[in-house]
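Here the structure comes first, spelled out in structure tokens, and everything after it is commentary.
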Amino acid sequence: MKKLITNLIVCILILTSGKAYAAELIKADGSSTVFPITEAVAEEFQKTEKGKTRVTVGISGTGGGFKKFCSGETDISDASRPIKPTEVELCKKNGIEYIELPVAYDGLAVMINLKNNWVDYMTVKELKKIWEPEAQAKIKKWNQIRPNWPDKEIHLFGAGVDSGTYDYFTEAIVGKEHSSRGDFTSSEDDNVLVQGIASDTLAIGFFGVAYYEHNKDKMKLVAIDDENDKNGKGPILPLYDNVVNGTYQPLARPLFIYVSKKSADKPEVKRFIDFYMKNSGSLSKEVGYIALPSKAYELALKRFEKRITGSVFGGHGSQVGVKIEELLQKEQ
1 MKKLITNLIV CILILTSGKA YAAELIKADG SSTVFPITEA VAEEFQKTEK GKTRVTVGIS
61 GTGGGFKKFC SGETDISDAS RPIKPTEVEL CKKNGIEYIE LPVAYDGLAV MINLKNNWVD
121 YMTVKELKKI WEPEAQAKIK KWNQIRPNWP DKEIHLFGAG VDSGTYDYFT EAIVGKEHSS
181 RGDFTSSEDD NVLVQGIASD TLAIGFFGVA YYEHNKDKMK LVAIDDENDK NGKGPILPLY
241 DNVVNGTYQP LARPLFIYVS KKSADKPEVK RFIDFYMKNS GSLSKEVGYI ALPSKAYELA
301 LKRFEKRITG SVFGGHGSQV GVKIEELLQK EQ
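If you're matching positions, the sequence shown starts at 1 in my numbering and goes up one per residue.
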């Protein structure tokens, strides 16, 4: 009888502790580009919580993440571009208010195989010629881009159409968000793109620079010339200084998290976002991204504390050549 009572007490303790644990579960999902940052922050945050709070981080792409977020399924949505009109409407329809917070800068990288010995740099015009919708079934070989390049097929790899990286790339290169040829290998998982480019001599693709930083021995980075004399320096690589000072254009962009206003009132979410804004700079660098100026994190934290909802980008989606700290300062 005593053993039965003891076992019953143990079961009750397990069940009640499980409920308490589940009550402090924070759900994040969205961009594969932002994933390494949120994952790193979550790991460090959970250490400070000592088992009190658990943070799950999914990768369904920026668009997929917003679908879940605007339906009330998640507390936080990782995004590699600002929220766009259809997502604003979905959130509004479901009564989801959101707080937009910048977390890092990213230089969107164009990558080729290590054995590619003909590409020294590329221009925005050349990238557009490859990726625009009109290129499908027409631009098939490297020598169609430059006559002195090989008479060999181009094999294209890029972010999935639910990805904010895809949206931003098409806006910056093609001139219209979500507009490109469709005959390319796509994936929401950047590691799949890394493997594809690394194993194919004729490959070219794009994704966030952090995935290059972790795979430098597998691929080559392509310098980009914006051709508009905005930087006056010719071909530029997505290195730290070039992204921060604005010379790597048009493929430099800010990265974000969106926090549900309702979730923001939960003590565990408050603690997590406070930790995120105070540690995102160092952890972003650690996983291969570029930290925002410290002032931007301070302003973002104030934005969260004041529960300022909406987007400083007006809910219009990808915008090229914008410095996030300037927009935050203007709002303050």
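Where a beta carbon is used, it is the ideal one built from N, C-alpha and C, also for glycine. Please read these numbers as outputs of a predicted model, since none were measured by experiment.
Quiz item: When the Cβ atoms of the stretch 244-256 are set against those of the stretch 92-111, are three or more pairs found closer than 8 angstroms?
Solution: In short, these stretches touch, since the Cβ pair count reaches three.
Exercise. State yes or no: is the C-beta of Tyr-276 within less than 8 angstroms of the C-beta of Val-88?
Key: It is not a contact, given that the beta carbons lie outside the stated cut-off.
Quiz item: Taking contact to mean at least 3 C-beta pairs separated by less than 8 angstroms, is the stretch 60-69 in contact with the stretch 162-172?
Solution: Contact annotation: the stretch 60-69 touches the stretch 162-172, with at least three C-beta pairs closer than 8 angstroms.
Quiz item: Just how far apart, CA to CA, sit Glu-24 and Pro-235?
Solution: Taking the straight line from one Cα to the other gives about 48 angstroms.
Quiz item: In terms of residue numbering, what span does the alpha helix (DSSP H) encompassing Ile-197 cover?
Solution: In this chain, the alpha helix (DSSP H) harbouring Ile-197 covers 190-198.
Quiz item: Taking the runs of the alpha helix (DSSP H) that are 4 residues or longer, which of them lie wholly in the stretch 202-247?
Solution: Runs of the alpha helix (DSSP H) inside the stretch 202-247: 209-213, 240-244.
Exercise. Identify every residue that forms a DSSP beta bridge with Thr-56.
Key: Lys-27.
Practice problem: Report yes or no: do the stretch 273-290 and the stretch 153-160 share at least 3 C-beta pairs separated by less than 8 angstroms? | Solution: Flag = no, the stretch 273-290 and the stretch 153-160 do not touch.
Exercise. Excluding the 5 residues preceding and the 5 following Lys-262 in the sequence, name in chain order all residues of the same chain whose CB lies nearer than 6 angstroms to its CB.
Key: Within the same chain, Lys-262 has no close Cβ partners at all.
Quiz item: If we count the other Cβ atoms within 10 Å of its Cβ and call it buried at 16 or more, is Tyr-21 buried or exposed?
Solution: Confidence at Tyr-21 is low in this model, with a pLDDT of 45, below 50, so the placement of that residue is unreliable and no value is reported for it.
Exercise. Inspect the beta-carbon positions of Tyr-98 and Ser-260 and report whether they are closer than 8 angstroms.
Key: Yes.
Practice problem: To the nearest angstrom, report how far apart Asn-215 and Lys-266 are at their CA atoms. | Solution: Take the alpha-carbon of Asn-215 and the one of Lys-266: they are about 38 angstroms apart.
Quiz item: Among residues of its own chain, excluding the 5 on either side of Trp-149, which ones have a beta-carbon nearer than 6 angstroms to its beta-carbon?
Solution: These residues qualify, in order along the chain: Trp-118, Trp-142, Asn-143.
Quiz item: CA-CA distance, Arg-303 and Val-312?
Solution: Those two C-alpha atoms are separated by around 11 angstroms.
Quiz item: Considering only residues of the same chain and omitting the five flanking positions on each side of Glu-188, which have a CB-CB separation below 8 angstroms?
Solution: Excluding residues within five positions, the ones whose Cβ falls inside 8 angstroms are Ser-32, Ile-59, Ser-60, Gly-61, Gly-64, Ala-159, Gly-160, Asp-162, Ser-163.
Quiz item: Cα separation between Ile-204 and Phe-272?
Solution: So the alpha carbons of these two residues sit roughly 38 angstroms apart.
Quiz item: From this set, Leu-301, Ser-180, Lys-295, Gly-208, which residue's C-alpha is nearest Phe-35's C-alpha?
Solution: Its Cα nearest to that of Phe-35, the residue Gly-208 stands out among Leu-301, Ser-180, Lys-295, Gly-208.
Exercise. Count the other CB atoms, across all protein chains shown, that sit within 10 Å of the CB of Ala-361; report buried if there are 16 or more and exposed otherwise.
Key: This structure cannot settle anything about residue 361, because the visible part of the chain is limited to 1 through 332.
Quiz item: Looking at Asp-151 and Asp-78, is the spacing between their C-beta atoms short of 8 angstroms?
Solution: For Asp-78 and Asp-151, no; Cβs fall outside 8 angstroms.
Quiz prompt | Coarse secondary structure for Thr-38, derived from DSSP in three states | solution = Helix.
Quiz item: With Glu-126 and Ile-145 assumed to form a contact (beta carbons below 8 angstroms), what rounded beta-carbon distance in angstroms separates them?
Solution: Cβ atoms of Glu-126 and Ile-145 come within 8 angstroms of each other, at about 5 angstroms.
Exercise. Please report how far the alpha carbon of Leu-237 lies from the alpha carbon of Lys-52, in whole angstroms.
Key: Straight-line Cα distance between these residues: approximately 43 angstroms.
Quiz item: Beta carbon of Lys-220, beta carbon of Asn-116: below 8 angstroms?
Solution: Yes, they are a contact pair.
Self-check item: Local Cβ density within 10 Å of Glu-307, reported as buried at 16 or more and exposed below that
Solution: At residue 307 the sequence reads Arg, which differs from the Glu that was named. Around the CB of Arg-307, fewer than 16 other CB atoms lie within 10 Å, so the residue is classed as exposed.
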